[in-house]
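Those letters in the sequence shown? Residues 11 to 189, by our numbering.
Every residue gets a Cβ at the ideal spot worked out from N, C-alpha and C, and that includes glycine.
All of these numbers come straight from a predicted model, not from anything done at the bench.
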Amino acid sequence: MRILVIKSSGNKNGSSNMIADEFIRGATESGHAVTEFDVMRKDIRPCLGCNHCGMDGDCVQQDDFENDLKWQIREADMLVFVMPVYYYNWPAQLKNVVDRFYSFTMELTRMHKKAALLAVAWDDTKTVFTITQAYFQTICDYMEFENVGIVLGGGCGTPELTSKSPYMQEAYELGRNVK
Ligand SMILES: Cc1cc2nc3c(=O)[nH]c(=O)nc-3n(C[C@H](O)[C@H](O)[C@H](O)COP(=O)(O)O)c2cc1C
Numbered sequence: 011m012r013i014l015v016i017k018s019s020g021n022k023n024g025s026s027n028m029i030a031d032e033f034i035r036g037a038t039e040s041g042h043a044v045t046e047f048d049v050m051r052k053d054i055r056p057c058l059g060c061n062h063c064g065m066d067g068d069c070v071q072q073d074d075f076e077n078d079l080k081w082q083i084r085e086a087d088m089l090v091f092v093m094p095v096y097y098y099n100w101p102a103q104l105k106n107v108v109d110r111f112y113s114f115t116m117e118l119t120r121m122h123k124k125a126a127l128l129a130v131a132w133d134d135t136k137t138v139f140t141i142t143q144a145y146f147q148t149i150c151d152y153m154e155f156e157n158v159g160i161v162l163g164g165g166c167g168t169p170e171l172t173s174k175s176p177y178m179q180e181a182y183e184l185g186r187n188v189k
């Protein structure tokens, strides 16, 4: 399977990317072809809502979404969304990616991709991932993605805390077991 891991932290060696690396290690060991795309280091602009695409066509914006990520998404069998929680929600840069699905929503829903969520947060409370997780599931339902797994790394506020957390192993196992 071709797996596209979409990362969204400014901290290259931070907690969410550490969790992603473990997922990638497991998936690679299981023979999957994994590619990574780091939205924080690319030019991905917000959707303008101009409707030029009609939800199924070219986008007027020529940036790294239209010219690069869109093609990588098309080619992937599975998308993995990797994020630090920002104010109980997805980081804006990653939300931009979802909003830009607009230009090929019709096409994308017909592809029935698999999807997973890897999220970290400083807090380790019951509610810290409520919105993050609900948004992921709602997008899976709308885009007709199959939710194949979620890792919610509560208490992963620093790389040191994350390295000692059980979520490294959880992410590795998710990668190892995706089919
Ligand atoms: C703008 C911003 C907002 C944040 N909001 C939350 C939050 O709502 N809840 C929480 O537990 N941690 C919050 N954090 C902390 C990060 O989620 C946490 O430090 C995480 O480990 C950072 O991951 P990274 O190393 O991959 O960047 C926030 C951090 C930033 C910079």
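- When secondary structure is reduced to three states using DSSP, Leu184 falls in the helix class.
- Taking a cut-off of 7 Å from the heavy atoms of ligand 1, the residues with a C-beta inside it are Ser19, Gly20, Asn21, Gly24, Ser25, Ser26, Asn27, Pro94, Val95, Tyr96, Tyr97, Tyr98, Val130, Ala131, Trp132, Asp133, Val138, Cys166, Gly167, Thr168, Pro169 and Thr172.
- Around the Cβ of Met93, a 10 Å sphere holds 16 or more other Cβ atoms; the residue is buried.
- Taken through DSSP and simplified to helix, strand or coil, Glu46 comes out as strand.
- For Met116, same chain residues with a beta-carbon under 8 Å away, outside a window of 5 residues either side, are Met65 and Asp66 in chain order.
- In the DSSP assignment, Ala102 falls within the unbroken alpha helix (DSSP H) covering Ala102 to Asp109.
- For His122, the CB contacts under 6 Å within the same chain, skipping 5 residues up- and downstream, are Glu154 in chain order.
- Taking C-beta separations shorter than 6 Å and ignoring five residues to either side along the sequence, the partners of Asp74 in its chain run Lys52, Asp53 and Ile54, following chain order.
- The beta carbon of Cys69 sits closer than 6 Å to the beta carbons of Cys63, Glu76 and Ser113 from its chain, once the five residues preceding and following it are set aside; these are given in chain order.
- In the three-state reduction of the DSSP assignment, Ile13 falls in the strand class, which pools E and B.
- Under the DSSP assignment, Pro56 falls outside any alpha helix (DSSP H); it carries neither an H nor an E label.
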